[in-house]
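When we follow the numbering used here, the leftmost residue of the sequence shown carries the number 32, and every step to the right adds one. These notes concern the structure reproduced below.
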Amino acid sequence: MKEKVFRYIEENSMIAKGDRVLVALSGGPDSVCLLSILEELKEDLNIEILAAHLNHCIRGEEADNDEEYSRLLCEKLNIRFYSQRVKVEDMASELGISSEMAGRKARYDFFDDIKKKENINKIALAHNANDQAETILMRLMRGTGMDGLEGIKPIRDGKYIRPILCLTRPEIEKYCNLKKLDPKIDKTNLEPIYARNKVRLELIPYIQKNFNEDIINTLNRFSSITSRDNSYMDEMTEKAFEKYVLLSKERAVIGKECFKEHSAIVTRVIRKAIENIVNSLNNFQQIHILDIIDLQKTNGGKYINLPMNIVAENAYGDIILRLKNDDTIDYSPLKIALKNFEEKQLQKGIFMGKIFNYNIFIRLIMKNKSINIKGNDYTRYFAFPVDSDIVIRQREQGDKFVPYGMKGNKKLKDLFMDMKISKEKRDKTPIVLFDNVITWIVGYRTSNNFKIDKDTKQILEIKAEWEDTTYDE
Numbered sequence: 032m033k034e035k036v037f038r039y040i041e042e043n044s045m046i047a048k049g050d051r052v053l054v055a056l057s058g059g060p061d062s063v064c065l066l067s068i069l070e071e072l073k074e075d076l077n078i079e080i081l082a083a084h085l086n087h088c089i090r091g092e093e094a095d096n097d098e099e100y101s102r103l104l105c106e107k108l109n110i111r112f113y114s115q116r117v118k119v120e121d122m123a124s125e126l127g128i129s130s131e132m133a134g135r136k137a138r139y140d141f142f143d144d145i146k147k148k149e150n151i152n153k154i155a156l157a158h159n160a161n162d163q164a165e166t167i168l169m170r171l172m173r174g175t176g177m178d179g180l181e182g183i184k185p186i187r188d189g190k191y192i193r194p195i196l197c198l199t200r201p202e203i204e205k206y207c208n209l210k211k212l213d214p215k216i217d218k219t220n221l222e223p224i225y226a227r228n229k230v231r232l233e234l235i236p237y238i239q240k241n242f243n244e245d246i247i248n249t250l251n252r253f254s255s256i257t258s259r260d261n262s263y264m265d266e267m268t269e270k271a272f273e274k275y276v277l278l279s280k281e282r283a284v285i286g287k288e289c290f291k292e293h294s295a296i297v298t299r300v301i302r303k304a305i306e307n308i309v310n311s312l313n314n315f316q317q318i319h320i321l322d323i324i325d326l327q328k329t330n331g332g333k334y335i336n337l338p339m340n341i342v343a344e345n346a347y348g349d350i351i352l353r354l355k356n357d358d359t360i361d362y363s364p365l366k367i368a369l370k371n372f373e374e375k376q377l378q379k380g381i382f383m384g385k386i387f388n389y390n391i392f393i394r395l396i397m398k399n400k401s402i403n404i405k406g407n408d409y410t411r412y413f414a415f416p417v418d419s420d421i422v423i424r425q426r427e428q429g430d431k432f433v434p435y436g437m438k439g440n441k442k443l444k445d446l447f448m449d450m451k452i453s454k455e456k457r458d459k460t461p462i463v464l465f466d467n468v469i470t471w472i473v474g475y476r477t478s479n480n481f482k483i484d485k486d487t488k489q490i491l492e493i494k495a496e497w498e499d500t501t502y503d504e
């Protein structure tokens, strides 16, 4: 096993002699296997190993046990150990993002802090071949280009490395058993409650049973082939980018002549231009790139709003990509009349639209179904407002609502001040109304109106999903 990892490290030039390598250690099988193998290889690689564990403070005693296990393992291996505790759910509420995104930000901030203090050269992450297969399938289903189909890269930004991307999950489990490492198991990974878990626990086993038993290795080979082809396309894109694109602060202008090139080059130039503005493509899908290409074919002066606070404008055939100012943000309210939909349609769920950076979904649930209606700051449940018009909009002057558990009205302005929410954030917080009655301040409070009680027969679920749905890479 260690020989396989050693070859993979060498083939991808992940580590140089004398590197100080920080291992992201969760205490689970993948990261424990990674730490142990690197410890075995440290003499051959001529490296120094450190480890870092972030406790998300979500799973209570289980999370504390993971932290203690990680500390004891490093003590046994004589590896310097760093740990930190972050209340990730509180962080998510404060930043208005999902718990997954908050956890990712907390981890990477933690790793970067240690990197600076300890002069770390590489940060080793424990993604494996199964993670690679899951990522490719998820991106394929969501819609992606060739870059996305390359999957998880062995090296990112010259500092994040993935030495066990060549190992399958069964290989990792076998190694942990042979070494009697007894890693911790996060039980939430065994529940099909998230899209990735469903791919891991349901879709891939179905494919293995009915179509291709070796689907994990097949998708990993596909990733390698795609990576090779992408390398050539990147060279061609770089030449076109230098020829057609003018860059300035928070802005890129793509010359009209660029759009006469092959469409494969055009799409890559657009993606590269976006990346130069916001340093990320996490929120962008192929449909957004095609929207920009369609915009270039229209009359000058038109513009479209894009993820990551970017606006694209047609300037006489040239495309200007720039960060939005507040006056370019589309504050148009979302409206939907429930009476226009059949009950079956509502039970399947409906995409209501997008407001600010949130995608809004609604779904009708029958009370007799087993459901956890506790929700969270971005998913709420209400007594079904039959025949109501649902409106989601920006706050307006004079807005009032009845907070849950209270009887009297409260000014929305006063509520925001009580919760110490900044003016900028207030303007970008979606407000949900049923027939002009404020029902939910997304991310914060619900109203006392339309609350669920013992007589409720039908429940309406409203979910506000932040557009960023990236996998932890």
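Backbone N, C-alpha and C define an ideal beta-carbon position, used for all residues, glycine too.
By how many angstroms is the C-alpha of residue j removed from the C-alpha of residue i?
| i | j | result |
| --- | --- | --- |
| Glu-79 | Arg-51 | 5 Å |
| Thr-359 | Glu-99 | In this predicted model, Thr-359 has a pLDDT of only 48, less than 50, meaning its place in the structure is not dependable enough to derive any value. |
| Asn-371 | Lys-280 | 47 Å |
| Arg-16 | Met-45 | The first residue shown for the chain is 32 and the last is 504, placing residue 16 beyond what the model contains. |
| Lys-35 | Asn-86 | 31 Å |
| Ile-239 | Lys-274 | Looking at the sequence itself, residue 239 is Gln, so the reference to Ile does not match. Cα-Cα distance, rounded: 47 Å. |
| Arg-200 | Val-63 | 12 Å |
| Asp-466 | Asn-336 | 28 Å |
| Met-177 | Glu-266 | 15 Å |
| Tyr-334 | Tyr-389 | 20 Å |
| Leu-221 | Pro-60 | 13 Å |
| Pro-434 | Asn-314 | 33 Å |
| Ser-262 | Thr-268 | 10 Å |
| Glu-125 | Pro-338 | 21 Å |
| Asn-307 | Phe-290 | 19 Å |
| Ile-483 | Gly-380 | 19 Å |
| His-319 | Gly-127 | 23 Å |
| Thr-477 | Leu-446 | 12 Å |
| Asn-109 | Glu-202 | 25 Å |
| Ile-40 | Lys-148 | 25 Å |
Less than 7 Å between the beta carbons of residue i and residue j, yes or no?
| i | j | result |
| --- | --- | --- |
| Arg-353 | Arg-302 | no |
| Pro-223 | Leu-232 | yes |
| Ile-145 | Tyr-113 | yes |
| Ala-137 | Ser-130 | no |
| His-158 | Leu-196 | yes |
| Arg-111 | Leu-81 | yes |
| Asp-420 | Gly-474 | no |
| Ile-151 | Leu-76 | no |
| Asn-43 | Pro-185 | yes |
| Glu-288 | Ala-271 | no |
| Asn-340 | Lys-355 | yes |
| Tyr-206 | Met-32 | yes |
Can you tell me where the beta strand (DSSP E) with residue i in it begins and where it stops?
| i | result |
| --- | --- |
| Gly-179 | It is not in any beta strand (DSSP E) - Gly-179 instead sits in the alpha helix (DSSP H) that spans 177 to 180. |
| Gln-428 | Run containing Gln-428: none; DSSP gives neither H nor E here. |
| Arg-394 | 389 to 397 |
| Ser-311 | Ser-311 -> no beta strand (DSSP E), and no H or E assigned at all. |
| Val-54 | 51 to 55 |
| Met-448 | First-last for Met-448: 443 to 449, but that is the alpha helix (DSSP H), not the beta strand (DSSP E). |
Grab the span of the alpha helix (DSSP H) containing residue i for me, first residue to last.
| i | result |
| --- | --- |
| Gln-163 | 160 to 173 |
| Ala-271 | 246 to 275 |
| Asp-121 | 119 to 126 |
| Thr-410 | Counting along the chain, Thr-410 falls outside any alpha helix (DSSP H), though it belongs to the beta strand (DSSP E) covering 410 to 414. |
| Lys-146 | 130 to 149 |
| Arg-96 | Here the sequence assigns Asn to residue 96, which means Arg is not the residue at that position. Taken as a continuous stretch (DSSP letters only), the alpha helix (DSSP H) holding Asn-96 covers 92 to 108. |
| Tyr-237 | 235 to 241 |
| Gln-317 | 317 to 327 |
| Arg-476 | Per DSSP, Arg-476 belongs to no alpha helix (DSSP H) and is neither H nor E. |
I'd like the list of long-range same chain contacts for residue i, defined as Cβ closer than 8 Å, with 5 residues on each side in sequence excluded.
| i | result |
| --- | --- |
| Gly-436 | Asn-479 |
| Met-169 | Ala-226, Arg-227, Val-230, Tyr-502 |
| Leu-443 | Arg-426, Asp-430, Lys-431, Phe-432, Ile-462, Ile-469, Ile-472 |
| Leu-180 | Ile-167, Arg-170, Leu-171, Phe-253, Ser-254, Thr-257 |
For residue i, I'd like the list of residues in its chain whose CB is within less than 7 Å of its CB, leaving aside the five on either flank, ordered along the chain.
| i | result |
| --- | --- |
| Cys-88 | Ala-94, Arg-116, Val-117, Lys-118, Val-119 |
| Phe-481 | Phe-413, Ala-414, Pro-416, Phe-465, Thr-470 |
| Gly-134 | His-87, Val-119 |
| Leu-395 | Glu-374, Leu-377, Gln-378, Phe-415, Gln-489, Leu-491 |
| Ile-247 | Ala-160, Asn-161, Ala-164, Thr-199 |
| Phe-142 | Leu-53, Ala-55, Ala-83, Ile-154 |
Looking only at its chain, what residues have a beta carbon closer than 6 Å to the beta carbon of residue i, apart from the 5 residues adjacent to it on each side?
| i | result |
| --- | --- |
| Leu-250 | Ala-164, Ile-167 |
| Val-284 | Leu-277, Asp-349, Ile-351 |
| Lys-485 | none |
| Met-383 | Leu-365, Ile-367, Ile-391, Ile-393 |
| Arg-38 | none |
| Lys-48 | Asn-77 |
Hey, is residue i close to the ligand PLP, as in C-beta under 6 Å from one of its heavy atoms?
| i | result |
| --- | --- |
| Tyr-409 | Absence of the ligand PLP from the depicted structure is noted, as is the absence of any ligand whatsoever, leaving it without description. |
Do the stretch 285 to 302 and the stretch 314 to 333 meet, that is, are 3 or more Cβ pairs less than 8 Å apart?
yes
Determine, using beta-carbon pairs with one atom in the stretch 423 to 439 and one in the stretch 82 to 100, whether at least three such pairs fall under 8 Å.
no
Any contact of the stretch 410 to 417 with the stretch 476 to 494, i.e. 3+ C-beta pairs under 8 Å?
yes
Any 3 or more C-beta pairs closer than 8 Å across the stretch 203 to 217 and the stretch 58 to 75
yes
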